[in-house]
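Reviewing the structure listed below.
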Amino acid sequence: MIQQVMTAPHEIIFREVPTPTAGKGEVLLKMMKIGVCGSDIHVYHGKHPFTKYPVTQGHEVSAKIVALGEGVEGLHVGQKVTVEPQLVCGECYPCRHGKYNLCESLRVMGFQATGLASEYFAVAAEKVTPLPDNMTFNEGAMIEPLAVTVHAVKRAGDVTGQKICVLGAGPIGILLAQSAKALGAAETMITDVSDYRLELAKKCGVDHAVNTKTQDFGEALVAAFGPDKADVIYDCAGNDITINQAIRCARKGSTIILVAVFADMAKADMAVLNDHELDLNTSMMYRHEDYLDAIRLVGEGKIQLRPLMSKHFAFRDYLKAYEYIDANRETTMKVLIDIDDSEE
9 MIQQVMTAPH EIIFREVPTP TAGKGEVLLK MMKIGVCGSD IHVYHGKHPF TKYPVTQGHE
69 VSAKIVALGE GVEGLHVGQK VTVEPQLVCG ECYPCRHGKY NLCESLRVMG FQATGLASEY
129 FAVAAEKVTP LPDNMTFNEG AMIEPLAVTV HAVKRAGDVT GQKICVLGAG PIGILLAQSA
189 KALGAAETMI TDVSDYRLEL AKKCGVDHAV NTKTQDFGEA LVAAFGPDKA DVIYDCAGND
249 ITINQAIRCA RKGSTIILVA VFADMAKADM AVLNDHELDL NTSMMYRHED YLDAIRLVGE
309 GKIQLRPLMS KHFAFRDYLK AYEYIDANRE TTMKVLIDID DSEE
């Protein structure tokens, strides 16, 4: 079978490797679709802080089961699935207390462990989450990023009736704004410097879309939500400009949650953070219940995924996908790699 390998920044090869078999407690997957995410792009540019080369990528995926290993129950051949790509020890303090997404030895497929960018992949059955029969493989490949945003919303606790602001109208930002609404938020606002992305956010149900290149963020926050501003501000852009916008304009005593991965060391206004007694929180990936909630919310029609699907590339054109993203940053949302070009 064919397997993708990023050998160095900007360099991808394909190699022939043996097709795996499903061992005890494993399932063999025929891979269908892979989504390219912001963290993958950091790897492509040599900017991901926790990834070394060579690495086989792929962690936002959909697949179908083609074989079951010994002892696997509750799954069946032909079933549509996605994969939770975290590899954890199960023994450290976070793992013992149900926070395995924070495992002290956490490895993630596609970054610190072999990713799923192969024609077939054998994986522990416990890492597989079934998808509804009526969910397409394209949608299935977006459950992973949606689970990221569902988990991030939950990090703020119960958001029912709250006003939520999201900085950055990329795929994660727009999914987060949708997730907040789906989980009970009263009103949402999103910012970016791209009118294209802001219009797309509005089409996905975001209440207020603000271009901070032409509007002052602090003034826009008050205009949208009133003098009490936002209850929670999420940074989904991950740069010094956005994190400092959040710190300097947040309501005193409110919460900021960092979702984005900073490619470089941040320079943040910690004096204002302290003076305003802001809660600076973070969100790291997801847990199984977030996958289940993500699938449920899509099934209930509360999340729009299709408007965020920008373009498809054939498996062998993986490098072209990255080149396309770089050349079309403003208008590109979710790029999907078709390992199998069929769609159901």
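Sequential numbering of the sequence shown, starting at 9, is according to our numbering.
Idealized CB from N, CA, C, for every residue including glycine.
As the structure is a prediction and not an experimental result, all values here were calculated from the model.
Is it right to say residue i is buried, meaning 16 or more other beta carbons lie within 10 angstroms of its own, or is it exposed?
i	result
G31	exposed
A190	buried
F145	buried
F119	buried
L37	buried
I311	buried
I21	exposed
G261	exposed
Q223	exposed
M40	buried
P17	exposed
T157	buried
A177	buried
H216	buried
T64	buried
G46	buried
C278	Reading the sequence as shown, one finds Met at residue 278 and not Cys. Exposed, by the Cβ-count rule.
P179	buried
Under three-state DSSP, which class holds residue i?
i	result
E112	coil
A32	For the sequence presented, residue 32 should be read as Lys rather than Ala. Three-state DSSP puts K32 in coil, outside helix and strand.
K171	strand
R23	strand
P179	helix
N336	coil
P17	coil
N247	coil
I255	helix
H56	coil
L229	helix
Y101	helix
Y330	helix
H216	strand
K260	coil
F145	helix
Y128	strand
D287	strand
A274	coil
V51	helix
Y61	coil
V96	coil
K189	helix
I311	coil
Y204	helix
L184	helix
K211	helix
R324	helix
A164	coil
L305	helix
Y294	coil
P153	helix
Would a C-beta distance cut-off of 7 Å place residue i and residue j closer than the cut-off?
i	j	result
G43	L286	no
L266	T290	yes
L139	V89	yes
L154	L183	yes
V91	K135	yes
V35	L76	yes
T59	V51	yes
V214	T196	yes
L114	V96	yes
V13	P62	yes
I151	A302	yes
C212	P315	yes
Q253	S126	no
V218	A228	yes
I264	A258	yes
E331	Y204	no
Y294	H159	yes
State the beta-bridge partners of residue i as determined by DSSP.
i	result
V343	V44, K319
S70	K41
T122	Beta-bridge pairing links T122 to no other residue.
A75	L36
Y242	V174, I265
M197	C173, H216
M117	A121
K88	K72
V136	V91
I3	A question about residue 3 goes unanswered here, because the residues of the chain that appear run from 9 up to 352.
Of all Cβ atoms in chain D, is any one closer than 7 Å to the Cβ of residue i?
i	result
Q223	Note that chain D does not occur in the displayed structure, where there is just one protein chain.
Check whether the Cβ of residue i sits closer than 6 Å to any heavy atom of the ligand NAP, and report yes or no.
i	result
A322	Judged by which ligands are present, the structure shown has none, so any question about the ligand NAP falls away.
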